[in-house]
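Residue numbers (the working numbering): 1 to 388.
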C-alpha cells in the first residue's frame, strides 16, 4: 500500500496545482515546430474501447506512425498487439507499457490518445501536456469542475494541442443542422429536448473476486478509492459507478447537450434541476441513475435531458437525439441525419425531408486533430479542451 499512498500524494499535488510545475524536464515543454511533411509519432493510453477506435481512426492519416501502446490490463495489451498486423503495422517497432508515465518519457513520442476510464482523464491529460505531448482525450474530459479547470490550465501553460473526443462537432450533417437553425426559420425556439434510451445493459450482481491475472488493479483504480475487484466496475461497465464516471448523462449526454448548446448559442443556465433514480431493475448494482430527467433553465428557453436504461426507443422513435422545438417547426437531429417537421397550420413552409449523414465523424475529428498538430493553429480545433 506504500506505492498507493505515494500515488495518491501525487494526485493531491495535481489538484492543488503543483503538478503543473516541471517534472519531465524543461526541454519537454517546447512546442514542436512540425512541418506538414513531418512524421507524427503517436501512442495510446487505454486501448480497450474508444481509445482503440480513436487510435485506428488517427492512423488513417498519412504521416502518422504508431509508436507505443499502454494499458493496465496486459490481456488487452497483448490482444491489441496481435491485431497490429491487420493494420499493416510492425508490432516489433511498437513499445508497450503498463504505466503511462513511462510511456510519456519517450523522447520520440509526439502525441497521445487517452481512452482510459473517465476518472483517469484529468491526471493523464495534464501529465501528457507537461511532458510536451499533444493530446486527444476522450469525453467526458473530467468528472468535476475542478478537474476541468486543471485540464484547461495545463493546456494553456504548456501550449499543447488538446482535442476532446466530442466527434459530432466534425460531422457535416450536424453543422448543416446548426446552419439551418441559424436562419431563424424555426421561429422562436422555446424548448430544446435531448435524450438517450440505451436499451438493456448487462450488469449482473456478482460478488467481489480476485484480480484477474495480468491486471494492475491499483493502477486501474488510480485516483479512485481503494476497494476489492468486481467485474461490474471494470472495463465498459465502470461508467455506472460514481467512483469512476457519471452514468449515461456523462456518456451520451456530453455529445447531445453539446450540440443543443451550440444550436442555441447558449452559455450558462440560470438554474439546473434533476429528478431520477434506479427505477428499472431493483436488483442491479448500478449506482448512477437508470432513469433521469434534467431541466436547464435559460433566459429565453428551457433545455431538457432525459434518459432511460432498459428502454431502446425514445422521442421520435429514436434511440438518441436532439429536438429544437420552434413556433414554426421542430428540427430533429441525431447521428444518422436530421429533418424538420413543420408545425400544423404553419404558413412558413419550413418542412425539410431527412438529410442523411454522409461522413464518418470520428475519422473527420481525428483528421482535424492531426492537421492542427502540424499547423499549430489552435483556433481550427473542432473541440478544444476549453469548449469541452
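All C-beta atoms, glycine included, are put in the ideal place defined by N, C-alpha and C.
- The residues 114, 121, 125, 162, 164, 165, in chain order, have a CB closer than 7 angstroms to that of residue 137 in the same chain once the five nearest residues on each side in sequence are set aside.
- Collapsing the DSSP output to three states places residue 338 in a strand.
- In the structure shown, residue 197 falls within a strand segment according to DSSP collapsed to helix, strand and coil.
- Counting only runs that start and end inside the segment 198-281, the beta strand (DSSP E) elements of at least 3 residues fall at 271-277.
- DSSP places residue 113 inside the beta strand (DSSP E), whose first and last residues are 111-114.
- Residue 39 and residue 68 have their alpha carbons spaced roughly 15 angstroms apart.
- For residue 68, the enclosing beta strand (DSSP E) stretches over residues 64-70.
- Look at the beta carbons and you see the segment 140-158 not touching the segment 69-86: under three pairs across the two are nearer than 8 angstroms.
- Taking C-alpha positions only, residue 179 is separated from residue 55 by approximately 30 angstroms.
- With respect to the 9 angstroms criterion, residue 382 and residue 170 are classified as neighbours on the basis of their beta carbons.
- For residue 127, there is no enclosing beta strand (DSSP E); the residue is part of the alpha helix (DSSP H) that begins and ends at 121-130.
- Residue 327 is classed as exposed because its beta carbon has fewer than 16 other beta carbons within 10 Å across all chains shown.
- Residue burial annotation: residue 351 is exposed, with fewer than 16 other C-beta atoms found within 10 angstroms of its C-beta.
- Taking the Cα positions, residue 156 is about 24 angstroms away from residue 51.
- In this structure, DSSP gives residue 102 a helical state, which the three-state scheme calls helix.
- No residue range can be given for residue 298, since it is assigned to no beta strand (DSSP E) and is classified by DSSP as neither H nor E.
- With distances taken between CA atoms, residue 63 lies nearest to 371 out of 297, 380, 379, 371.
- Only residues of its own chain outside the window of five on either side were considered, and among them 260, 263, 264, 301, 302, 303, 304, 322, 323, 324, 325 have a CB closer than 8 angstroms to the CB of residue 192, listed in chain order.
- Per DSSP, reduced to three states, the secondary structure at residue 91 is helical.
- No residue range can be given for residue 316, since it is assigned to no beta strand (DSSP E) and is classified by DSSP as neither H nor E.
- The shortest CA-to-CA distance from residue 42 to any of 108, 53, 200, 79 is the one to 108.
- Pairing residue 118 with residue 276 gives a Cβ-Cβ distance that is not under 9 angstroms.
- If the five residues before and after residue 96 are omitted, its C-beta is found closer than 6 angstroms to the C-beta atoms of 69, 77, all from its own chain and listed in chain order.
- Fewer than three beta-carbon pairs drawn from the segment 172-191 and the segment 200-218 are found closer than 8 angstroms, and the two stretches are therefore not classed as touching.
- A straight-line Cα-Cα distance of about 54 angstroms links residue 344 and residue 158.
- DSSP places residue 361 in the uninterrupted alpha helix (DSSP H) bounded by 361-375.
- Rounded to whole angstroms, the separation of the alpha carbons of residue 61 and residue 353 is 34 angstroms.
- For residue 302, DSSP records a beta bridge to 191, 297.
- Within the segment 155-189, the complete beta strand (DSSP E) segments at least 3 residues long are 162-164, listed from N- to C-terminus.
- For residue 286, there is no enclosing beta strand (DSSP E), as DSSP gives it neither H nor E.
- The alpha-carbon of residue 373 is positioned some 39 angstroms away from that of residue 227.
- Residue 38 sits in coil when the DSSP states are folded into three classes, being neither helix nor strand.
- As the crow flies, the alpha-carbon of residue 111 is around 25 angstroms from that of residue 236.
- The shortest C-alpha to C-alpha distance from residue 297 to any of 288, 272, 210, 311 is the one to 272.
- A straight-line Cα-Cα distance of about 9 angstroms links residue 231 and residue 212.
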